[in-house]
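Notes follow the structure.
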Amino acid sequence: MLSRLSRIATTKSMLVMNAARSFAAEAQGKLVSVKINGNEYKVPEGMTVLEACQAQGIHVPFVCHHPRLKPLGKCRVCVVEIRGDEFPIKTSCNTKVEEGMDIWTNSPKARSASNEALKTLMAGTPIDTKFKTMEMDEVLTESADDCYALHRDMSRCVDCKRCARACSELQGMNVLENNPQEGGFPVVPTGYHLLKDTECISCGQCNVVCPTGAIVEQSHIPRVKQAMKAGKVMVMQTAPATRVAFGENFGREPGEITTGKMIACAKALGFQYVFDTNFGADMTIMEEGTELLERIKNNGPFPMFTSCCPGWVNMAEKCYPEILPNLSSCRSPHMMVGSTLKTYWAKKMNLKPEDIYVVSLMPCTAKKDEIERKNMWLDEKTPFVDAVLTTKELGDFCKQEGITNWDNMAEMPFDTPLGTSSGAGDIFGVSGGVMEAALRTAYQLQTGKPLEKIVVDEARGLDGTKRFSVDMNGKKINCAVVHSKFARELVENVKAGKEDLQFVEAMACPGGCISGGGQPHSNRADTIEKRMNAIYKIDAGKTLRRSMDNPEIQTLYKEFFEKPNSHKAHELLHTTYAPQYVRSREEKVEEPAEAGGEGGEGSDVGEDGVTILYGSETGTTAKAAKALQSKFKAAGISSAVIPMNKIDVESLPEKKKLVLMTCTYGAGEFPAMAQEFWENLSDESLDDDFLEGVEFGVFGLGSKAFKQFCEAAHQLDERMEELGAERVVDCGEGNEKDPQQYKTAFEPWSKEAVEAFK
Numbered sequence: 001m002l003s004r005l006s007r008i009a010t011t012k013s014m015l016v017m018n019a020a021r022s023f024a025a026e027a028q029g030k031l032v033s034v035k036i037n038g039n040e041y042k043v044p045e046g047m048t049v050l051e052a053c054q055a056q057g058i059h060v061p062f063v064c065h066h067p068r069l070k071p072l073g074k075c076r077v078c079v080v081e082i083r084g085d086e087f088p089i090k091t092s093c094n095t096k097v098e099e100g101m102d103i104w105t106n107s108p109k110a111r112s113a114s115n116e117a118l119k120t121l122m123a124g125t126p127i128d129t130k131f132k133t134m135e136m137d138e139v140l141t142e143s144a145d146d147c148y149a150l151h152r153d154m155s156r157c158v159d160c161k162r163c164a165r166a167c168s169e170l171q172g173m174n175v176l177e178n179n180p181q182e183g184g185f186p187v188v189p190t191g192y193h194l195l196k197d198t199e200c201i202s203c204g205q206c207n208v209v210c211p212t213g214a215i216v217e218q219s220h221i222p223r224v225k226q227a228m229k230a231g232k233v234m235v236m237q238t239a240p241a242t243r244v245a246f247g248e249n250f251g252r253e254p255g256e257i258t259t260g261k262m263i264a265c266a267k268a269l270g271f272q273y274v275f276d277t278n279f280g281a282d283m284t285i286m287e288e289g290t291e292l293l294e295r296i297k298n299n300g301p302f303p304m305f306t307s308c309c310p311g312w313v314n315m316a317e318k319c320y321p322e323i324l325p326n327l328s329s330c331r332s333p334h335m336m337v338g339s340t341l342k343t344y345w346a347k348k349m350n351l352k353p354e355d356i357y358v359v360s361l362m363p364c365t366a367k368k369d370e371i372e373r374k375n376m377w378l379d380e381k382t383p384f385v386d387a388v389l390t391t392k393e394l395g396d397f398c399k400q401e402g403i404t405n406w407d408n409m410a411e412m413p414f415d416t417p418l419g420t421s422s423g424a425g426d427i428f429g430v431s432g433g434v435m436e437a438a439l440r441t442a443y444q445l446q447t448g449k450p451l452e453k454i455v456v457d458e459a460r461g462l463d464g465t466k467r468f469s470v471d472m473n474g475k476k477i478n479c480a481v482v483h484s485k486f487a488r489e490l491v492e493n494v495k496a497g498k499e500d501l502q503f504v505e506a507m508a509c510p511g512g513c514i515s516g517g518g519q520p521h522s523n524r525a526d527t528i529e530k531r532m533n534a535i536y537k538i539d540a541g542k543t544l545r546r547s548m549d550n551p552e553i554q555t556l557y558k559e560f561f562e563k564p565n566s567h568k569a570h571e572l573l574h575t576t577y578a579p580q581y582v583r584s585r586e587e588k589v590e591e592p593a594e595a596g597g598e599g600g601e602g603s604d605v606g607e608d609g610v611t612i613l614y615g616s617e618t619g620t621t622a623k624a625a626k627a628l629q630s631k632f633k634a635a636g637i638s639s640a641v642i643p644m645n646k647i648d649v650e651s652l653p654e655k656k657k658l659v660l661m662t663c664t665y666g667a668g669e670f671p672a673m674a675q676e677f678w679e680n681l682s683d684e685s686l687d688d689d690f691l692e693g694v695e696f697g698v699f700g701l702g703s704k705a706f707k708q709f710c711e712a713a714h715q716l717d718e719r720m721e722e723l724g725a726e727r728v729v730d731c732g733e734g735n736e737k738d739p740q741q742y743k744t745a746f747e748p749w750s751k752e753a754v755e756a757f758k
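The sequence shown begins at 1 in the UniProt record's numbering and counts up by one.
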């Protein structure tokens, strides 16, 4: 039973093999010799054992690992045997290869340890229920308990921390965090709030990396089926990024262009019309390009931020309401198509708007809450877009209805008149594409001549931040393209007056829509790049490359909108923004045990109290900090437990008694929630007597299987002494390899700490 589950739980890891082989072939630098299962290989120095195995096509199971996240080694399903090592059983995802290493993935010791780790993950939960969702075959119904975009079912959570890591490492949002309380869900939204009340932007990256279906998109399949039964005129529109990923639902390669078969699937499901959201992208360029030129003419307000990404708009409304006047007023492309369908097209077809049911096929989960914005409805009862199916959802829908004969499916074209688009519309699907598409048209409208090169190379690629300038009739237009967490960094710079920019494209997801929260899940390292290159290939193959040259766009404006930014265009193609309510991170909805009140998180403990600072990656260190607080309380010592990322280093001299507890993450690094604290504490400008008069103790958690055992704790210990603090208890080392894991060392150390701080 367990070996079968291990195969199911790790099916996805097989997908990364080709990517890993490519990585090995292209890697530059020193090669080291290793043995894997008795065979010798040359692999690049710096590779992890997992990558080295994958490069040779050798299967290693894993659960918590994902190629876009830092290796954690928490699930321990990926363990291998390193023969000759003091601690031979090691997690392969975060162990680097070394010269002469003798690796065994299939030895009895390795298999036994991996299976035991999987048993531990499954403890207390129906195994089949969890792991049959590894490929997300089930479709969940909508739940009002979460948000419009995402559904959380923590009964399926195996505590791999992928979701929280994606939220912090990829997105910089830190909405999901480890729960330090025993017996609760392993991962919780900040403040124990509902997702809709947090800074969650509905990007869905947590869903993309979740291996078990504990976080999924809110399914709109039931509402679509209901509309079909009601006899609505079923219309689908498809976003540019869907056509380079949809085939993955049926085992095709990432980046395979499947536009025709995607349309055929929609028609087979019962959609009478299928239009192209790329047409809406061309409309967006006409409106947004004109808006940019108006701002250039009127000298602002700058920078003008794009507005086609609803995840980014959510971020602006929730986190940076002061920049809302800088957002383009343009609706996103699919909302423009929706409003055009229920006005212009409805009249042409002699249909009532309420009889038309518009479904957007999107790579994006945030589109699901975008369609609920009432300022983008025709009236109180009629939304312009009725439902959103993600790329992944449409694949699920097809499988439910038995539409799976992919190879024999004939390709079909888009319907007209909203089915013709330029290459500029296609590149909306990748980071930098909106910027490039806008410049292709805006430059020609402003200067009367086309760009020297139709391809704007400076806007292309997967870099988090791209900057360049364009000269328009002697006026220098400074441009920037940002995505994921880099959007926040740029906005902070704009707020601080550190940027001189006129035009900024911002996308919530890494690489843009191609890696949106609704795309098919993949553990391959090359998936995003393959999808991106396919988008560029589609653009290069188009005769039309500028939105302004699209004849159907020209007809639409002539017959209906008159001109870009006209009164009717503003009514149907533009929108307004307003700050969204977000509950404070400090405002707890449901107080966890020991938190709040005297001795709770963030409370004032007075001069005789102890402040316990912790840095945790998986929640274990947080639990240890709470356990220490309980011991202090039993001894009559007041204490406060505070995450390191919530303390100002400048306030440390006021905390006369400090305990610092941290795990060591990755290759000797601090956990994410302690990195900023450590950077500030390491600042060389701090005086040598900065912490004079402060008493301290440090306790570290880690595994002696790694050379960097408790390295972060020892760095803290040394730095505190360098800054003049007095060590009253020696640095403790909690080893997860001990019989009681960290508690073996923690129990005697905590007794010393209690005595030292009395």
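By construction, the Cβ of each residue, glycine as well, lies at the ideal position given by its N, Cα and C atoms.
All values reported here derive from a predicted model rather than from experimental measurement.
At what residues does the alpha helix (DSSP H) containing residue i begin and finish?
i    : result
M286 : T277 to N298
P748 : K743 to A756
C398 : T391 to Q400
K368 : K367 to E370
S630 : T620 to A634
W678 : A672 to L681
E692 : Segment: none, E692 is in no alpha helix (DSSP H) and carries neither H nor E.
G338 : P333 to T340
E711 : E711 to E722
When the Cα atoms are used, what is the spatial distance from residue i to residue j?
i           : j    : result
E51         : S522 : 16 Å
S143        : A149 : A caution first: S143 carries a pLDDT of 34, below 50, which makes its placement in the model unreliable, though a value can still be read off. Taking the straight line from one Cα to the other gives about 10 Å.
M673        : A496 : 24 Å
L628        : V728 : 16 Å
A480        : L723 : 41 Å
Q237        : P413 : 12 Å
I296        : P363 : 32 Å
V434        : G425 : 8 Å
E654        : N174 : 28 Å
C308        : M283 : 12 Å
S33         : V97  : 9 Å
K758        : E747 : 17 Å
A756        : E617 : 28 Å
residue 819 : F397 : This structure does not reach residue 819, given that the chain is present from 1 up to 758, and the question cannot be answered.
Y41         : K35  : 6 Å
T212        : C78  : 16 Å
V582        : C319 : 9 Å
K751        : E733 : 14 Å
F305        : L490 : 11 Å
I528        : S515 : 6 Å
R223        : K623 : 43 Å
Return the Cβ separation of residue i and residue j in integer angstroms, given the expectation that the two are a contact with Cβ distance under 8 Å.
i    : j    : result
L701 : T621 : 5 Å
Give the single residue among the options whose Cα lies nearest to the Cα of residue i.
i           : options                   : result
R545        : Y665, A281, A410 and G732 : A281
residue 775 : K655, T441 and G609       : Residue numbering for the chain in the displayed model covers 1 to 758; residue 775 lies beyond these limits and cannot be assessed.
Q272        : N299, F279, A245 and V235 : V235
K70         : K381, S168, S114 and P61  : S168
T664        : N735, L686, G636 and E116 : N735
S703        : S469, A55 and T91         : T91
L652        : D407, G636, V610 and M336 : V610
F250        : T404, Q444, N565 and K352 : T404
R524        : T105, Q54 and G619        : Q54
A264        : D738, R719 and M409       : M409
Just to confirm the assignment, what range does the beta strand (DSSP E) spanning residue i have?
i    : result
G615 : V610 to G615
C663 : K657 to C663
P321 : Here P321 belongs to no beta strand (DSSP E), and DSSP marks it neither H nor E.
L462 : That residue, L462, is in no beta strand (DSSP E); it is neither H nor E in DSSP.
Would the C-beta of residue i count as close to the ligand NAP, meaning under 6 Å from any of its heavy atoms?
i    : result
D463 : Absent from the structure shown: the ligand NAP. Ligands present: none.
With 7 Å set as the bound, which would you pick, yes or no: does the beta-carbon of residue i sit closer than that to a beta-carbon of chain B?
i   : result
K96 : Chain labels in this structure do not include chain B; a single protein chain is all it has.
Note to self: Quick check for students: name the residue ranges of the beta strand (DSSP E) that lie wholly in the region 46-125, counting only runs of 3 or more.
What the structure shows: 79-83, 89-91 and 101-104
Notebook entry, point to check: Quick one: complete beta strand (DSSP E) runs, 3+ long, within the region 488-534?
Noted result: 503-507
Check: Considering only residues of the region 230-282, which uninterrupted alpha helix (DSSP H) runs meet the minimum length of 4 residues and lie entirely inside it, listed in chain order?
Finding: 259-269
Next item on the list: Would you list, in sequence order, the uninterrupted alpha helix (DSSP H) runs of no fewer than 4 residues that lie entirely inside the region 140-226?
Entry: 162-165 and 205-209
Next item on the list: Could you tell me which uninterrupted alpha helix (DSSP H) segments, each at least 4 residues in length, are contained entirely in the region 407-444, listed from first to last along the chain?
Entry: 423-426
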